[in-house]
Amino acid sequence: MTGPRLWRGRPEDPRWVRPAFLGLLLATAVLYLYNLSASGYANSFYSAAVQAGSQSWKAFFFGSLDAANAITVDKPPAALWPMALAVRIFGLSSWSILVPEVLMGVATVAVVYAAVRRRFSPAAGLIAGAVLALTPVAALMFRFNNPDALLALLMSVACYLVGRALEDGRTKWLVWAGVAIGFAFLAKTLQAFLILPALAAVHGVCAPVRLRKRLGQLALATVALVVSGGWWVAVVELWPASSRPYIGGSQNNSFLELTFGYNGLGRLNGEETGSVGGGGPGGGSGGQWGETGWDRMFNSEIGGQISWLLPAALILLVAALVAVRRGGRTDAARASLLVWGGSLLTTTVVFSYMAGIFHQYYTVALAPYLAAVVGMGAATLWERRERAWACLALAAAVTATAAWGYVLLNRTPDYLPWLKWPVLVGGLVAALGLVFAGRLGRRAALAAAGLGVLASLAAPTAYTLSTVREGHSGSIVTAGPSGASMMGGPGGGGRGGGFPGGGNAPGQGQGGPSTGGFPGGAPGSNSQAPPDGRTAPDGQNGQNGQDGQNGRPGQNGPTGEGGPGAGPGGGAGMGGLLNGAQVGSEAKKLLETDADDYTWAAAAVGAQNAASYQLSTGEPVMAIGGFNGTDPAPTLARFKEYVADARIHYFIGGGTGGGMGGDSGTASRISSWVEANFEKVTVGSATFYDLTRPTT
């Protein structure tokens, strides 16, 4: 595409369309890149795997936590691959890890724009893209290194491709959609399949070809999905277990067990072997992962992340489907509404009632669907504004958004307390104008619509700006200002998160020890070690008691000011379970000494502890027991073999210690054996055991 064509766009478009679209992408990129390095290594669990993949192609392929390939992350590795390639090219840094995530966010905005613009209007596409870019949880996760960014992008691509197939009935579009979902499976396993029923049903009914061909196309798309998602699974399952890393998160070293257990049905029913515990049953019962029920997306734990325009999206979806009800079976506009709206509804229902592990940031999966529905619905009703019912529906959507924005802002009364009133009043005034949009002149109607858009986006934009101004680290992060999310469950949210039962840990914000039924009382908050291994993201020194290792209260989070939940978006750490440990310069020097003589410079219980030392030193550190310390890998016998063969130099004292389900005895047996048989080395506030110096 030539330069003038790139800037001008389609000849039939108004001249403002392409510059506005490119401006949207540029603004999104600038917004998401702003202050990016404040998050340091973000989730050190995945950053360690990225580092390992940049050093070893075997670790790259399997998604190993260390370059010596002891154990993998508890997800398939597709989301790690772009980051690992970036680190191979540009070296290890916060930017080389997180910029690929930002690019995924910009690409997702572009895909949503393209999908909405094709069947509706450029203005609708711009509204959809802006809604997505300014959704707080999207701004969080497209600047973070969890698998959710790639998942959201690939799900958006799949919906776009299904929409193309519904336009002309060509098989290739549906096959490519199957490929996209297959690779999404390699990012976050079965979550990629949540929208399959909606997509298959819409294509099976609405595609503009005969029924036999529709069924054949769905069969081919299924084959494409299985091949694109299954090739890696087949290789892993067929690879001799003795020569590949242990599959993290599983209890039997099986990726299939991981897929259908811990990462599959266990997420729905709460029975996740090796997990930290599930939620409660459906119907509003509480659990360690928050309330479940029809209103889960609107409650104090989740509402500020995603639900700002969710009432409007539901109103607009219903009204738009009514507007196009007389279209034929193959009506492309209705099919697009059903594809994106069906994806929104099915994912929302599953998230609302899943009783297992559920984090607020999972809701980023809803953001593209919600944004597309808002853009499509608004455009459909705006085109019919001469009809009173369409104006009333638009007004209802704006009114619901303004009222709900007021409620959400009121949940954080100390954050911009003046904003809720302009949002509410501006939204109501805009709604009043939209009621009469069909009778007003074009300029007046556009003014009312513009005010409605401004009032609807003001509150989520404020939360998004608050999100990008702060660094986020650890395993559980949330968007928005402090107090925006009060998640139940271990560690709660990034700020002000609750512990099991929704409460805060004793001593929260004061460096006090945490409780909640975790190993050894799960002491203190361990903040994420930033790239330099010494200072917190804001430049202050983090001092976490015994570096988060020996069961003493953590003194400072990433900002140097608190215990559990005190860090900027980091979530409460429990003995290194949810956040990594700060690594002092003396400890770093100790592990680096003669590290090349060993396969692993050290071993630590729990992946976050191991990751912190690995990222700081650049040397492989074995994560005993995987993420939770509950995986039965390595066994005590195998660990003794490694020590006898002088393959591990140090054992890092403390850690999560297991005890949360699964074969929790493995890590504790290894710890007990080491403590009883090897010399203790204290460096600063951290404790190590020299595995080359037995006590007897």
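Residues in the sequence shown are numbered from 0 upward in steps of one, following numbering that gives the first Met the number 0. Quick reminder that beta carbons are idealized off the backbone N, C-alpha and C, glycines included. The structure presented is a predicted model; accordingly, all values stated were derived computationally and were not measured.
Short of 6 Å in beta carbon distance, which residues of its chain neighbour residue 589, apart from the five on each side in sequence? Order them along the chain.
682
If you run the structure through DSSP and keep just helix, strand and coil, what is residue 550?
Because residue 550 sits at a pLDDT of 32, beneath the cut-off of 50, its placement in the model cannot be relied upon, and the point is left open.
If residue 43 sits next to residue 614, beta carbons under 8 Å apart, how far is it from one beta carbon to the other, in whole angstroms?
Indeed they touch by this definition, with Cβ atoms about 6 Å apart.
Taking only runs that begin and end inside the region 290-357, name each unbroken alpha helix (DSSP H) of 4 or more residues, in chain order.
Along the region 290-357, the alpha helix (DSSP H) occurs as fully enclosed runs of 4 or more residues at 302-305, 309-322 and 331-352, listed in sequence order.
How many whole angstroms separate the CB atoms of residue 185 and residue 175, which I take to be in contact at a CB cut-off of 8 Å?
In this structure residue 185 does not touch residue 175 by the C-beta definition: roughly 16 Å separates them, more than the 8 Å allowed.
Closer than 8 Å is the cut-off here; do at least three beta carbon pairs connect the region 127-145 with the region 167-182?
no
Bridge partners of residue 135, per DSSP?
Secondary-structure assignment with DSSP links residue 135 through no beta bridge to anything.
Output yes or no for whether 8 Å exceeds the beta carbon distance between residue 48 and residue 39.
no
State the start and end residues of the unbroken alpha helix (DSSP H) segment that holds residue 649.
From DSSP, residue 649 is part of no alpha helix (DSSP H) but of the beta strand (DSSP E) over 647-651.
For a test of the three-state rule: what should DSSP assign to residue 36, helix, strand or coil?
helix
May I ask which residues mark the beginning and end of the alpha helix (DSSP H) holding residue 695?
No alpha helix (DSSP H) contains residue 695, which DSSP labels as neither H nor E.
I'd like the list of long-range same chain contacts for residue 676, defined as Cβ closer than 8 Å, with 5 residues on each side in sequence excluded.
693, 694 and 695
With DSSP as the reference, label residue 74 as helix, strand or coil.
coil
Going by C-alpha distance, which of 187, 173, 360 and 255 is nearest residue 202?
Among 187, 173, 360 and 255, the Cα nearest to that of residue 202 belongs to 173.
Simplified DSSP assignment, three categories, for residue 686
strand
Name the one or two DSSP bridge partners that residue 599 has.
647
Which same chain residues end up closer than 6 Å to residue 384 when comparing Cβ atoms and leaving out the 5 residues on each side of it in sequence?
Residues of the same chain with a CB within less than 6 Å of the CB of residue 384, apart from the 5 flanking positions on each side, are 390, 436 and 437 in chain order.
Determine whether the beta carbon atoms of residue 360 and residue 136 lie at a separation below 8 Å.
Yes, the Cβ-Cβ distance between residue 360 and residue 136 is below 8 Å.
Collapsed DSSP secondary structure at residue 615 in the structure displayed:
helix
Measuring alpha carbon to alpha carbon, tell me which residue in 401, 104, 414 and 431 is nearest residue 421.
Out of 401, 104, 414 and 431, 401 has the C-alpha closest to the C-alpha of residue 421.
Can you tell me the Cβ-Cβ gap for residue 292 and residue 300, rounded? I've got them flagged as a contact below 8 Å.
About 12 Å separates the beta carbon of residue 292 from that of residue 300, a gap too long to meet the 8 Å contact definition.
Going by DSSP in three states, residue 427 sits in which element: helix, strand or coil?
helix
Where residue 535 sits in the DSSP three-state scheme
Confidence in residue 535 is poor, its pLDDT being 37 and thus under 50, which makes the residue's placement too unreliable to answer from.
Please classify residue 147 as buried or exposed, where buried requires at least 16 other C-beta atoms within 10 Å of its C-beta.
buried
Tell me the residue span of the beta strand (DSSP E) that contains residue 49.
Segment 43-54 is the alpha helix (DSSP H) holding residue 49; no beta strand (DSSP E) there.
Classify residue 88 as buried or exposed, calling it buried when 16 or more other Cβ atoms lie within 10 Å of its own Cβ.
exposed
Cβ-Cβ separation, residue 31 to residue 104 (assumed contact under 8 Å), whole Å
5 Å
Have a look at the DSSP bridge pairing and note the partners of residue 677.
693
Closest residue to residue 37 among 369, 468 and 18 (Cα-Cα distance):
468
Assumed close pair residue 651, residue 687 - CB separation to whole angstroms, cut-off 8 Å:
6 Å
Out of 649, 625 and 653, state which residue places its alpha-carbon closest to the alpha-carbon of residue 71.
625
Helix, strand or coil at residue 414 [DSSP, three-state]:
Residue state, collapsed to three classes: coil.
Would you mind sorting residue 73 into buried or exposed? The rule is 16 or more other CB atoms within 10 Å of its CB.
buried
N- and C-terminal bounds of the alpha helix (DSSP H) containing residue 622:
Counting along the chain, residue 622 falls outside any alpha helix (DSSP H), though it belongs to the beta strand (DSSP E) covering 620-623.
Tell me whether residue 702 sits in a helix, a strand or coil according to DSSP, three-state version.
Because residue 702 is not part of the residues shown, which for the chain are 0 to 695, the question remains open.
By a C-beta neighbour count over all protein chains shown, 10 Å radius and 16 as the cutoff for buried, is residue 419 buried or exposed?
buried
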